[in-house]
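For the sequence shown, the numbering used here begins at 118 and goes up steadily by one.
To start, the structure under review is shown below, and the notes come after it.
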Amino acid sequence: MPEPRQPGGWGADPRDLWRTAFSVLFAASAYAFLSPQAQVPGDVPVSDKLVHAVLFVLLAVTGVRAGLSWRAVLVALLAWAVVSEVLQAVLPIGRDGNVADAVADAAGVLVGLAIVVGLRQLPQKR
């Protein structure tokens, strides 16, 4: 028989899973964006911009589902989109910052927020 969960322990709040997912996705994005060029796979079978957009859709959705306000997610992820590209340009990692990547990131944020906010507008089952 499984042990009952302790009140206040991990998993007591349904947002715990979303917080974990957001944290893992953010860490993965930092690793992917700030790794030296030699560690980044060159033969991605889909558009680099699509990868950027999808990652930021997922970050936006998990951020809001984790309990952050959509405004906080918007500001934080748009800032991350710009900062990550600036860091790629200035760090000695053999990479270049790319405005088009930041635009794809921003588009992903907006799509992700539209999904989450749009789903909130749907009638709830009773």
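Cβ atoms here follow ideal geometry from the backbone N, Cα and C, with glycine treated the same way.
Nothing here was measured: the structure is a model prediction, and the numbers come from that model.
About 18 Å separates the beta carbons of Leu151 and Gly225, which is beyond the 8 Å limit, so they are not a contact pair. Taking a contact as a CB-CB distance under 8 Å, the pair Glu202 and Ala219 counts as one, their CB atoms being some 5 Å apart. When rounded, the separation of the alpha-carbon atoms in Asp165 and Asp133 is 30 Å.
Annotated three-state conformation of Val171 is helix, per DSSP. No residue range can be given for Leu185, since it is assigned to no alpha helix (DSSP H) and is classified by DSSP as neither H nor E. A Cβ-Cβ distance of about 32 Å is found for the pair Gln154 and Ile232, leaving them out of contact under the 8 Å criterion.
Nearest C-alpha to Ala196 among Arg212, Phe143, Pro131: Phe143.
Sixteen is the threshold: since fewer than 16 other Cβ atoms of the shown chains lie within 10 Å of the Cβ of Gly235, the residue is exposed. With respect to Gly229, Ala183 sits apart: the two C-beta atoms are not nearer than 8 Å. Less than 8 Å separates the beta-carbon of Ala221 from that of Ala170.
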